[in-house]
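Q: Would you mind keeping the following structure in view while I ask a few things?
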Amino acid sequence: MFLDPANFRHPAFRTGMADAFKVAPGIWAWGLMTGVSMVQAGLGPAMSTWMTLLVYGGSAQLAVTPLMAVGTPVWVVLATAFCVNLRFAVFSLHLRGYLMAWPRWQRLTIGYLIADLNYVQFVQNHPTPATDAAGQRAEMAYLCGNCFLTWAGWQIASILGIVLASQVPLEWGLGFAGVLALVGILCSLASSRMRTVSLVVSGAAAIAAYALPLRLNILVAIAAAVAMCLVIEKTAGMDKATT
Amino acid sequence: MIDVFELLTLLGLAAMTVLARCFFFILNRELPFPAWAQRGLLYAPIAALAAVVVPEVLATQGQLISTWLDARLMGAAAGVGYYVYRRGQGQAVLGTIIVGMAVYLPLHIGLGW
């Protein structure tokens, strides 16, 4: 994986790191505040550190932290984490086209590390899966570089947040930097009119369906936006075009 | 330190991360994949991000905000403004974060918006 020179000596590894660096301050601030939140919710520094190192998923961690602090049954905790993570299953369907060329353990290792922004930046950089071995290596090297920088920054920031939990009040709202990183990426993704439609429909649906439990509103919003875009394409006869 | 039960719970949660993030490429078997689904995936990334971000900026606990005097709104607007001004070139995303926070923090901490 990262220890494989074929990946970390590849020029795409640096491209991946450079792209991750563009959003790094948002990731750091977000990781920091996730660390602070876990401790302030009553998980304890040791538990919080293990959680960030093992679970590596900000939204799932924040969702299960209050449950674990009050001793909720394990299966409820696990089901909650899975549901909050369901958007990643949609990503995995997309990534399948890129990753099936690799052995399973490599797919699972890199898959574990692909968070929201890694997925978005990767498919933005590689709009279609490579069909030759050199192209597939470049994709894997990009993913390794991109995910490595995000992972390292997130872990350091989270642990810093756990250590500083009593010094950094949540009220400052430093976590908003994470939202702004996503806003910046949203701007870069809104490159066509249809994608902008997807943004608006999904955003509206996510607010309308907010009352659903386990953040299932995200899944409803993705389904609504994708369905709407496919219908518009169909009626406008755009489905033969290439954008 | 943490006990064995807590460690097992955390390992279970880590397994949930792997299961969700790798869901459709865990198995080696072929997956029938119609053309419309392929096209639909073009719109999934932006939809997923919008579903996470828009409620964070425009709503509080799922309720649409009812005032313009909101630090998140102003911060996000400033960030988007910077991105558009830079036309997405260079470190536009980094600038979005910095400009957005420069507007957000004074309004939020200073004025309590």
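Line by line, the protein sequences are chains A and B.
Add 369 to the 1-based position in the first sequence for this note's numbering, that's all there is to it.
Add 80 to the 1-based position in the second sequence for this note's numbering, that's all there is to it.
Cβ coordinates follow ideal geometry from the N, Cα and C atoms, glycine included.
Quick caveat, the model's predicted, so the values are computed rather than measured.
Does any residue of chain B bring its CB to less than 8 angstroms from the CB of Val-492 (chain A)?
A: Sequence index remark: in the first sequence, residue 492 (chain A) carries index 123 (1-based). So yes, Val-492 (chain A) belongs to the interface.
Q: Would you grab the beta carbon distance between Leu-447 (chain A) and Leu-93 (chain B) for me? Rounded to a whole angstrom, and I think it's under 8 angstroms.
A: One-based indexing of the first sequence puts residue 447 (chain A) at position 78. One-based indexing of the second sequence puts residue 93 (chain B) at position 13. Confirmed, Cβ separation roughly 7 angstroms.
Q: So who's on the other strand from Gln-490 (chain A), going by DSSP bridges?
A: Taking the first sequence and counting its residues from 1, one reaches residue 490 (chain A) at position 121. According to DSSP, which records beta bridges pairwise, Gln-490 (chain A) is partnered with nothing at all.
Q: If you compare alpha carbons, which of B:Phe-105, B:Glu-110, B:Ala-182, B:Gly-170 is closest to Arg-154 (chain B)?
A: The sequence position of residue 154 (chain B) within the second sequence is 74, counting from 1. The sequence shown places Met at residue 154 (chain B), not Arg. If we check each option's Cα against that of Met-154 (chain B), B:Ala-182 comes out closest.
Q: Can you find a CB in chain A that lies within less than 8 angstroms of the CB of Ile-189 (chain B)?
A: Position 109 of the second sequence, counted from the first residue, corresponds to residue 189 (chain B). Interface residue, yes.
Q: On a Cα-Cα basis, can you pick out the residue from B:Gln-171, B:Ala-124, B:Leu-99 that is closest to Trp-116 (chain B)?
A: In the second sequence, counting from the first residue as 1, residue 116 (chain B) sits at position 36. Nearest of B:Gln-171, B:Ala-124, B:Leu-99 to Trp-116 (chain B), Cα basis: B:Ala-124.
Q: Can you pull the DSSP bridge partners for Thr-140 (chain B)?
A: Walking along the second sequence from the start, residue 140 (chain B) turns up at place 60. B:Gln-143.
Q: Check for me: the alpha helix (DSSP H) holding Pro-435 (chain A) runs from which residue to which?
A: Looking up residue 435 (chain A) in the first sequence gives position 66. That run of the alpha helix (DSSP H) goes 427-438.
Q: Spatial neighbours of Gln-409 (chain A) within its chain, please: CB distance less than 7 angstroms, with the 5 preceding and 5 following residues excluded, ordered by chain position.
A: Locating residue 409 (chain A) in the first sequence gives position 40, counting from the first residue. Taken in chain order, the residues that qualify are Ala-534, Leu-539.
Q: Given a cut-off of 8 angstroms, decide if Ile-601 (chain A) and Ala-128 (chain B) are closer than it, judged by their beta-carbon atoms.
A: Position 48 of the second sequence holds residue 128 (chain B). Position 232 of the first sequence holds residue 601 (chain A). The answer is no: Cβ separation not under 8 angstroms.
Q: Under the three-state reduction of DSSP, which class applies to His-194 (chain B): helix, strand or coil?
A: The structure shown does not extend to residue 194 (chain B), since chain B is modelled only from 81 through 193, so no value can be given for it.
Q: Expressed to the nearest angstrom, what Euclidean distance is found between the alpha-carbon atoms of Ile-587 (chain A) and Pro-472 (chain A)?
A: Your numbering for residue 587 (chain A) matches position 218 in the first sequence. Your numbering for residue 472 (chain A) matches position 103 in the first sequence. When rounded, the distance between both Cα atoms is 31 angstroms.
Q: Pull up the distance between the alpha-carbon of Gln-143 (chain B) and that of Val-548 (chain A), whole angstroms please.
A: The residue given as residue 143 (chain B) occupies position 63 in the second sequence. The residue given as residue 548 (chain A) occupies position 179 in the first sequence. So the two alpha carbons sit approximately 18 angstroms from each other.
Q: Would you call the stretch 413-429 of chain A and the stretch 437-455 of chain A in contact, with 3 or more CB pairs under 8 angstroms?
A: Short answer: they touch.
Q: Roughly how many whole angstroms lie between the Cα atoms of Ile-178 (chain B) and Ala-526 (chain A)?
A: Here the question's residue 178 (chain B) lines up with position 98 in the second sequence. Here the question's residue 526 (chain A) lines up with position 157 in the first sequence. Computed Cα separation, rounded: 17 angstroms.
Q: What separation, rounded to the nearest whole angstrom, lies between the Cα atoms of Val-537 (chain A) and Leu-185 (chain B)?
A: Counting from one through the first sequence, the residue named residue 537 (chain A) turns up at place 168. Counting from one through the second sequence, the residue named residue 185 (chain B) turns up at place 105. Val-537 (chain A) and Leu-185 (chain B): Cα-Cα distance of roughly 14 angstroms.
Q: Between which two residues does the alpha helix (DSSP H) carrying Tyr-467 (chain A) extend?
A: Residue numbering aside, residue 467 (chain A) sits at position 98 when the first sequence is read from its first letter. Tyr-467 (chain A) -> alpha helix (DSSP H) spans 455-468.
Q: Check Ile-554 (chain A) in the structure and name its three-state DSSP category.
A: Here residue 554 (chain A) refers to the residue found at position 185 when the first sequence is read from its first residue. Ile-554 (chain A): helix per DSSP, three-state reduction.
Q: Report all residues from its chain with a CB closer than 6 angstroms to the CB of Trp-397 (chain A); omit the five preceding and five following residues, and keep chain order.
A: For the purposes of this step, residue 397 (chain A) is identified with residue 28 of the first sequence, where counting begins at 1. Gly-522, Ala-526, listed in sequence order.
Q: Can the beta-carbon of Ala-100 (chain B) be found closer than 8 angstroms to that of Phe-545 (chain A)?
A: Numbered from its first residue, the second sequence carries residue 100 (chain B) at position 20. Numbered from its first residue, the first sequence carries residue 545 (chain A) at position 176. For Ala-100 (chain B) and Phe-545 (chain A), no; Cβs fall outside 8 angstroms.
Q: Under 8 angstroms between C-beta atoms, does His-495 (chain A) make it to chain B?
A: The residue labelled residue 495 (chain A) in the question sits at position 126 within the first sequence. No - not a single Cβ of chain B is within 8 angstroms of the one on His-495 (chain A).
Q: Chain A beta carbons: is any one of them nearer than 8 angstroms to that of Tyr-165 (chain B)?
A: In the second sequence, the residue the question calls residue 165 (chain B) occupies position 85. Chain A contact via Cβ: absent.
Q: Who are the neighbours of Arg-564 (chain A) on chain B, taking C-beta pairs under 7 angstroms?
A: Your numbering for residue 564 (chain A) matches position 195 in the first sequence. Tyr-123, Ile-126, listed in chain order.
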